[in-house]
Ligand code: SAH
Ligand code: SF4
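Residue numbers (UniProt numbering): 1 to 336.
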């Protein structure tokens with residue numbers, strides 16, 4: 001699929017044609033322009049040439065059918081992973097990648113083991129959602145939510161991520177409610193400040209993973225630039241400006257950041273008046289070979305301490321472990 005030339009190809013035509021074309025792609029979810037019967041035949045031919053709609057992807061389903069993972073190939077042969085999560089209540093959430101690789105090299109993350117190849121365009125981000133939307137439509141179903149938790153750091157590709165979100169959110173686009181779209185960041189404060197100013201009700205998630213700099217620096221090299229204090233100060237400004245709740249992501253690593261001491265420390269850095277607007281998401285570590293996951297008993301104890309300190313906390317449900325479709329296990333590759 002390549003929508004980069006859509007505007008250019010439709011330029012010689014009256015402007016309502018562009019509107020019809022977008023509706024065909026995003027609302028009717030067609031996979032070939034010949035199916036857009038309201039467009040003149042010669043235009044359909046030109047669009048098939050210039051803006052092909054077929055998506056090159058390999059899809060793997062998890063055994064329990066709750067999760068599916070796809071490797072989506074772009075025109076230059078590079079690929080990213082995207083995951084579909086089918087929730088028990090019938091909702092469908094898609095996890096998208098925003099970059100091919102990631103330059104931030106977090107110690108626990110499979111994507112971070114690769115360096116950055118390039119940013120994705122807004123169209124390439126949207127394409128990942130369209131893939132699942134088409135598949136779900138066959139069963140009269142739809143994509144209800146999108147999370148930017150796949151490969152890459154969304155705030156290193158801010159403009160294209162925001163452009164994609166506007167298409168996902170728009171009624172002429174995929175019509176996914178902004179409240180059902182979440183961006184996860186490793187804590188780039190400029191991005192957090194910029195997002196606060198957007199007229200969009202999207203959710204923000206912060207990958208904190210440690211309550212102090214000594215520990216966080218071991219896990220996330222980016223902590224040298226954006227340390228715990230700076231990240232939390234940016235989040236507090238964001239909350240003050242938007243009055244929106246922010247999710248704090250905390251990866252549970254056995255014997256490393258999961259003791260009672262760290263739970264207390266996390267509670268105390270999150271307090272300071274705004275604790276009602278933070279909620280902590282405890283994430284089980286999907287092994288990439290470097291660390292040990294915390295035991296369930298340790299996670300329960302950690303959770304209890306936060307609850308006692310009146311910090312909202314949940315443990316994230318694990319999707320797609322058997323297909324390596326879980327967070328931090330996503331790796332792209334180039335077609336041979
Ligand atoms: N770059 C952004 C968004 C992509 S990562 C970020 O770091 O927030 C999405 C989430 O998956 C982050 O919270 C990240 O810390 C988490 N993650 C990375 N590796 C993981 C692993 N091995 N197991 C579980 N979660 C992981
Ligand atoms: Fe990049 Fe996020 Fe992975 Fe860190 S956790 S390497 S920021 S994708």
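All C-beta atoms in this analysis are idealised placements derived from N, C-alpha and C, irrespective of residue type, glycine included.
Start-to-end residues for the beta strand (DSSP E) that takes in residue i
| i | result |
| --- | --- |
| residue 67 | 67-73 |
| residue 79 | 79-86 |
| residue 262 | That residue, residue 262, is in no beta strand (DSSP E); its alpha helix (DSSP H) goes 260-270. |
| residue 56 | 56-61 |
Nearest candidate by alpha-carbon position, reference residue i, set the options
| i | options | result |
| --- | --- | --- |
| residue 138 | 71, 306 and 30 | 30 |
| residue 181 | 308, 165, 157 and 140 | 165 |
| residue 132 | 121, 60, 238 and 308 | 60 |
| residue 241 | 192, 280 and 322 | 192 |
| residue 272 | 299, 256 and 235 | 235 |
| residue 62 | 47, 307, 85 and 244 | 85 |
| residue 163 | 217, 121 and 90 | 121 |
| residue 81 | 90, 2, 71 and 32 | 71 |
Assigned secondary structure, residue i (DSSP; H/G/I helix, E/B strand, else coil)
| i | result |
| --- | --- |
| residue 158 | helix |
| residue 297 | helix |
| residue 250 | strand |
| residue 202 | coil |
| residue 19 | helix |
| residue 335 | Reliability of the predicted coordinates at residue 335 is poor, the pLDDT of 42 falling under 50, and the value obtained from them is presented with this limitation in mind. The answer is coil: DSSP assigns residue 335 none of H, G, I, E or B. |
| residue 316 | coil |
| residue 35 | helix |
Check whether residue i and residue j have beta carbons under 7 Å apart
| i | j | result |
| --- | --- | --- |
| residue 136 | residue 92 | yes |
| residue 337 | residue 311 | The requested residue 337 is not part of the displayed model; the chain covers only 1 to 336. |
| residue 155 | residue 188 | yes |
| residue 28 | residue 44 | no |
| residue 239 | residue 186 | no |
Buried/exposed call for residue i, threshold 16 Cβ in 10 Å
| i | result |
| --- | --- |
| residue 128 | buried |
| residue 171 | exposed |
| residue 209 | buried |
| residue 253 | buried |
| residue 153 | buried |
| residue 67 | buried |
Endpoints, alpha helix (DSSP H) assigned at residue i
| i | result |
| --- | --- |
| residue 234 | 228-242 |
| residue 223 | Note, residue 223: premise wrong, no alpha helix (DSSP H); not H, not E. |
Test: residue i CB closer than 7 Å to a CB of chain D
| i | result |
| --- | --- |
| residue 85 | Checking the listed chains, one finds no chain D in this structure; it contains a single protein chain. |
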